[in-house]
Amino acid sequence: MTLSVWLMVSALLVSEAESSSSPPTMVDFDSQIVPLLTHAGCNAGACHGAAAGRGGFQLSLFGSDPKSDYEAIVKFAEGRRVNLVGVTKSLVIAKPLGLLDHGGGEVLEEGSSSVLVLRRWLQQGAKRGSQRQLRELRVEPSESIATTSNQPKTLRAIATFSDGEEADVTEWTVFRSDDPASVEILQGPARAHCLRPGKHLIMARFWNRVVPVSLLLPYDSNQDMPHRVSPSASFVDVEIDSQLSKLNLAANDLADDATFLRRLRLDLTGRLPSPEELQLFLAETGAGKRAQKVDALLESDEFSSFWALRLARWFKLRGSPEEPQAARAYSDWIVRSMESRRPYNEMVRELLTSTGDSHVNGATNFTRTAGDARQHAELVSSVLLGTRIQCANCHNHPFAAWTQDDYHGLAAIFARFDRTRMVSLKKQGSVTNVRTGESAVPRIPGVRNLEDAESALDTFTQWMLDKDNSHFSKAIVNRLWDAMMGRGLVAGIDDFRETNPPSHPQLLDRLATDFVEQGYNLRHSLRIIATSDAYARSSNHQSQKNELEQWYGASTSKSLLPEVLLDAIEDVLGASVANHDETRQRAITWLDPAHVSPDLDALGRCSRSEACQSQGQQQGLAAKLHAINGDLFNKRIADKGGRLQNYLRVSMSPRQIIEDFYLRAMAKHPNEEQRSTWLSELNALPKEEQVRWLEDFVWALLSSQEFSTNR
Amino acid sequence: MGNRKGGHRWCWLWLPLLLAGSLEGTRVCMAEPPITALAFTLDGQRVIAGSQRGVRIHDWPSLSLVQSKDCELDSIHDISMSPDGGQLLVAGGSPGELGVVQLRSWPSLDLVRSWREHQDVVYKTAWRSDGKEWVSASWDGYCRVCRLDAEASHVKMTSHSGPVFAATYLSDGSVATAGGDRTIVVWNSSSGQSTRVLRQHTGSVHALALQPASDGGLERLLASASEDRTVRFWQANLGRMVRFHRFSSVPRSIAWTHDGRWLIAGCDDGTIVQLDPVTLMSAVLSQQEASVLNILAEAKGEELCISVGSDVKRLKIGK
Amino acid sequence: MDYLSGLPKQTLRRDFLRIGSLVSMGLGSQLFTARSSIAKTSSTRGKARSCILLWLDGGPSHLETFDPKRDVPEEVRGPFQPIATVVPGIELSELLPLTARITDKLAIVRSMTSPLGEHGIANQYMLSGYQPGSPVAYPSIGSVVAHRRQSTSPLPSYITVPDARSSMGPGFLGANYGPFSIAGDPAKSDFQVKDFDYYPGLDEDRLNRRRQFLQNIEATDRALSGDKVTLDPMFEQAFRLISTPEAKRAFHLGEESDATRGRYGPRTFGQSCLLARRLIERGVGLVSVLQTGWDTHQNLVLSLRDGFSGAKVGVGLVPTFDQAFSALIDDLHQRRLLDETLVIAMGEFGRTPKLNTSGGRDHWPRVFSVVLAGGGVRGGQVIGASDRIGESPSERPITPADLVNTIYSLLGIDPDGELVTPDGRPIRINQGGQFISEMV
């Protein structure tokens, strides 16, 4: 390997030119000038890289389009920005040096290698050059573990170009710490210094490429934790435990059976275990009883019903008031697909390609969820690829590899859809590529153009569902992991991008491969997760709370979905205010968020059409006021047909009542001290006041943190 | 100020290497800047070319270099001969700093007067037909009207919201200007008030050309060339777009043939296209290696003078 | 005079119910005129005790409000003309005639600049001073005020009227410092805040018992964690508020005279501004008033001036704002509250310098205007300028980080102070912002 430090050398050559006799090489516009613009920040979104440029001067964002950058610098307005006779008079040098008034200030320094290279390029006639591309950017070290001494690590960036040359481009690479409080970047030479224990990210940007570098500083480096990966562990635990061990973190013990059952029940079926189920489970003694419970729940109708809600959320199902039939057909289709155990890839195939009457063929409503081809592209990339491609509508994506051609090309694939009630594929349809002003060429983002518009949708679907397309399988297993563990391996289930790498890359790979090998079976992958030690750990209360949770050494508390919480409230209270008819519907069966429910609104559900900041429940003062003075609890507690009033009617003892409600709400008994305090307090009250006392007790139970979270 | 001298010295240092051919045709020496202004003398015997290096006078049609002159301008974007052929305006300036219009006598090229009112480079000047006043268009977003004998302009036109690249007098004495804001503004040259704003272009407009008077006395069309890859023909006084032609590449420079029968357009892809303004029939006259920055039609009507990069060339017009 | 602040804090917390009763017995007026103050630090310049933030949601056009242009093409100037104000040399849009009379009290910043032109992220930048994109969720200004404030009032420190935007949230500070949205329309005759009154059958005793139960149950849960046994602060606040009638009176707009109500204008925004004044009078730290609809991509005449087609008197966004804003400043001034109340009117960005084909303007963050008044701000001045066509700052560019830094400073909050994330990471209250020194 010949690693030339060509930029350094070429920069030096300028100053040595007058005394040296060896000819300097030509400065290459694409691979030298554009990267130095990126390095100086000229083509950033806040400066000339903005969609509308700045000060009449527009560059492509981070130099993604050197051809247009060359036009803008050398050709635009009869070459006003370069002066080939008096190089320093060139705007492209005078402005960044601050010789002329520059909105961006002095971004280059006289005498810096950037200026030397720029000047030499101008002196050579401001030629375009080789037009080679950046094939790969590698940063050394790509992942490093800081030792006890925690010396700053020297960083090196090496670029490989399309002509095969490899070069050290460290000098032209911007290293940015994702979190300066955790990692500090030192200059000259570039080094990274870890300030806090944990695993931290640095972004290395050269030209139009960003590469993440991770730096790991173990916790509490004085005492070594025992390495405890058991030989029989599943691949999930092997990955989780080895990462914990690298970080020198000790995982929590496994949660007790009652806690585990409540957690599993809520995660797989969205409901609390009944006292009877809990007793049975606790009484069982077999070693495999947790795994058996996982299997039993995965086979249940309750599982299908609850996970249909999860899928509906992921697919952004939302009905319109004018066409309730459409939302109903779509909901039915999801529920049937879950019940009949359809492989996920088969479901997605239907979502992507179905045509027909959307009031009958439910899957066609995926297409109708998007108002037009561009929204369709955004929906598909977000739901199926876990990627936010929106930014690439107006300019090439600043953090990810998406270009405007990718965005509009993906939209072009869906341009032929007629999105009225009868979903069909029209003969023609196109979207305009904003960049070119012409019809976009259908394109699989980041992969290839699909010249034949007629077959583009089929080709795209094939690509999407190809077993080698790990974007697709990773996106879905990450969603499953997120639902079960409280946080995706890639944080943000629709935020896959180079600069947001997974916390456990190998684990994500294994889960995705396994998912595909097992026939895109959702239940299978959930079983893998639910039977792991990582899933079964107790939640944490110690000082290392966040670190441990972040690395799955402790279980993360998850707030219940508003639908699940409403069902749980009604299950505990045995009262349904929302439905007075005989066949009480559970809130989790309302897959359509347009379903009218003031209770769900009060609990903080968010409509699926817009980005919802927290998926959790309503927090804050308003929620608490409603808990105290609103209908949600009060009406149900007082309900004549409800559990409490029934118990009182049949004269159940206060002790039993307290016990029963505690078990139902928390899946555990109150502790002895509480119980006796309460009972003595209660017994001192007149009969009538006892009722109100119990009402207040039940209210407090349901208002507690513990009740409304899954931990 | 700049380091022009240093640049030259540097250039010469490398010249021996160039001659030795050791770089396989790559020019290490400072490249010759592109020609950014081009004009015929009234008698058609000379072509005057302007660039960052100054002004060069070529013999027509031999194109041999007759004279060079440094005009003390960092860049020159326009050269316009006066209607009587006795004077010329050389316009340009320093980007980001100053716009300059120089009045020079012909053929001596002596500086008669210069105006330095624009805050950025002047891209175009145009003479009123009586030769008593001229209009300038600048990157600074303004246009100015100035009498030949005045120290300063008397009209400042403010209706453009971006750089102005093109200007021409219309047959009724009003002015049309166009530029980066994608509009063509028709305005009164004595008041500076706009009378019409033509908005059909969807890209920056960089050239305007008024059709020469024809024998039939028909209304003269205004042609405009834009980044949107069209040339549009207008009855500018009525604000009416008559028709347009879309090219496969951006038409950079346009010129009417002397008889007004054809519009010639030089495009960014190096094609030179001859276009019939009535039928919109077009034919490619020539294929150059780079963008055609300037195009002129000689008065005799046989040939074109064009500039491509730093070269001035001759070209036959088709029939 | 500050009767309550003399009490030890413990007493305050434990005996809030009793104090609630004291209040209802008539000792309350003292409590509620005793204004709590934000913790001061040595390095700050602020004398403002509270803040009213008028959030013009969607991005108000600077050209049709505080930065009108003369001698520019019509497509830049838009459908309206500039008018003179009481301050010679400062012109406003003709849609702001009432504001033109109080311009001597305003500091108009005309050179705000930001790279963010999409609502969500631009909101976050303006309202937190931090550009989104890092893994940290930064708190909004109101949440920082609530966090930095030691309030004795049962009213929340941070209230949004009538609603909040998601970017007005507490970020890593957590739900305890989030805004309280009144979620009702103060302009409606039957306006009341939801869930303020006892549910039928509930009373103060039962409320007290519920609180004890809850504390007891949470305690067993938290005992395991070694955390201090305290009730969720939001529940504490809710219990306090419900049992303190005097606090709830802040929301009784009916106590205001018809003349006062009329001054602010009959619409939601005007009455919201009036409510904001009542709230800061009672010690609320920051009240954010939302005016929606400023995302005017179409027909500026209809959206900005008329409000509906065929309107004889304009009731669009700007006239509505003009009436409410000028009334608020006047009212605060007359009540001698303006010096201690910082009023800010801003949105997430400006609008494109040229009208689009629908007669509207699109998003434009590169230059836009914000207005500050009161709280020690020197009025009657313009800070910075945009260029000829309102496209870029031509002098004194000011970033959202600068603005937020200035707001904190004026409120007596040290922008260099530190907040701590739940995982123990120190975050500066403001990063990279400079105090706008012309402001005082």
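Protein chains in written order, with my numbering: chain G, 997 to 1707; chain U, 117 to 435; chain Y, 6 to 445. The C-beta atom is built at its ideal place from N, Cα and C for all residues, glycine as well.
Rounded Cβ spacing between residue i and residue j (contact assumed at less than 8 Å)
i          : j          : result
U:Gly-208  : U:Val-251  : In fact, because the Cβ distance is near 16 Å, the residues do not count as touching under 8 Å.
Y:Pro-184  : Y:Tyr-163  : 5 Å
G:Leu-1080 : G:Leu-1118 : 7 Å
According to DSSP, residues forming a beta bridge with residue i
i          : result
G:Lys-1195 : G:Leu-1212
U:Met-357  : U:Trp-350
G:Phe-1353 : One detail in the question is off: residue 1353 of chain G reads as Asp in this sequence, not Phe. Bridge partners of G:Asp-1353: G:Met-1418.
U:Glu-249  : U:Arg-263
U:Tyr-285  : U:Val-291
U:Gly-166  : U:Ala-153 and U:Val-171
G:Thr-1156 : G:Glu-1132 and G:Glu-1162
Y:Ala-180  : According to DSSP, which records beta bridges pairwise, Y:Ala-180 is partnered with nothing at all.
U:Cys-187  : U:Cys-187 is not bridged to any residue.
U:Gln-390  : U:Ile-380 and U:Ala-399
C-alpha gap between residue i and residue j, whole angstroms
i          : j          : result
Y:Phe-256  : Y:Gly-275  : 14 Å
Y:Ala-192  : Y:Leu-307  : 22 Å
G:Thr-1360 : G:Ser-1354 : 5 Å
G:Phe-957  : Y:Ser-116  : Because chain G in this structure spans residues 997 to 1707, residue 957 of chain G falls outside the shown range and cannot be described.
Y:Asp-7    : Y:Thr-157  : Any reading at Y:Asp-7 must be qualified, since the residue scores a pLDDT of 36, below 50, and its modelled position is unreliable; no value is offered.
U:Thr-346  : U:Phe-363  : 6 Å
U:Val-389  : G:Glu-1167 : 47 Å
U:Ser-369  : U:Leu-205  : 19 Å
G:Ser-1676 : G:Pro-1650 : 11 Å
Y:Val-425  : Y:Ala-89   : 48 Å
G:Phe-1202 : U:Leu-179  : 48 Å
G:Glu-1298 : G:Ala-1564 : 14 Å
Y:Phe-21   : Y:Arg-245  : Legend: pLDDT at Y:Phe-21 = 37, less than 50; position of this residue unreliable, value from coordinates given subsequently. Between Y:Phe-21 and Y:Arg-245, the C-alpha separation is close to 6 Å.
Y:Ile-349  : Y:Ala-406  : 15 Å
G:Val-1560 : G:Met-1460 : 32 Å
U:Trp-303  : U:Leu-181  : 40 Å
U:Gly-166  : G:Lys-1063 : 27 Å
Y:Pro-431  : Y:Leu-178  : 12 Å
U:Tyr-285  : U:Ser-365  : 27 Å
Residue of the options minimising C-alpha distance to residue i
i          : options                                           : result
U:Cys-421  : U:Trp-350, U:Asp-175 and U:Gln-168                : U:Asp-175
Y:Ala-224  : G:Leu-1276, G:Glu-1669 and G:Asn-1039             : G:Glu-1669
G:Val-1419 : G:Glu-1346, G:Met-1481, G:Ala-1408 and G:Gln-1127 : G:Glu-1346
U:Glu-148  : G:Val-1083, G:Gly-1051 and G:Ala-1526             : G:Val-1083
G:Thr-1349 : G:Phe-1410, G:Thr-1416 and G:Leu-1485             : G:Phe-1410
U:Ala-294  : U:Ser-275, U:Gln-351, U:Glu-335 and U:Ser-307     : U:Ser-275
U:Ile-300  : U:Leu-158, U:Phe-349, U:Glu-414 and U:Leu-219     : U:Phe-349
G:Leu-1476 : G:Asp-1263, G:Leu-1245, G:Arg-1115 and G:Pro-1137 : G:Asp-1263
G:Asp-1510 : G:Asn-1642, G:Asn-1204 and G:Phe-1231             : G:Phe-1231
U:Arg-359  : U:Ala-371, U:Lys-416, U:Met-197 and U:Ala-341     : U:Ala-341
Y:His-302  : Y:Val-150, Y:Glu-261 and Y:Gly-365                : Y:Gly-365
Cβ of residue i within 8 Å of any chain B Cβ
i          : result
G:Ile-1385 : No chain B appears in this structure, whose protein chains are G, U and Y.
### Query
Any chance the region 1455 to 1466 of chain G sits against the region 1356 to 1373 of chain G, with 3 or more Cβ pairs inside 8 Å?
no
### Query
Does the pairing of the region 1166 to 1177 of chain G with the region 1186 to 1195 of chain G give three or more beta-carbon distances under 8 Å?
yes
### Query
Between the region 1423 to 1438 of chain G and the region 1299 to 1315 of chain G, do three or more beta carbon pairs fall short of 8 Å?
no
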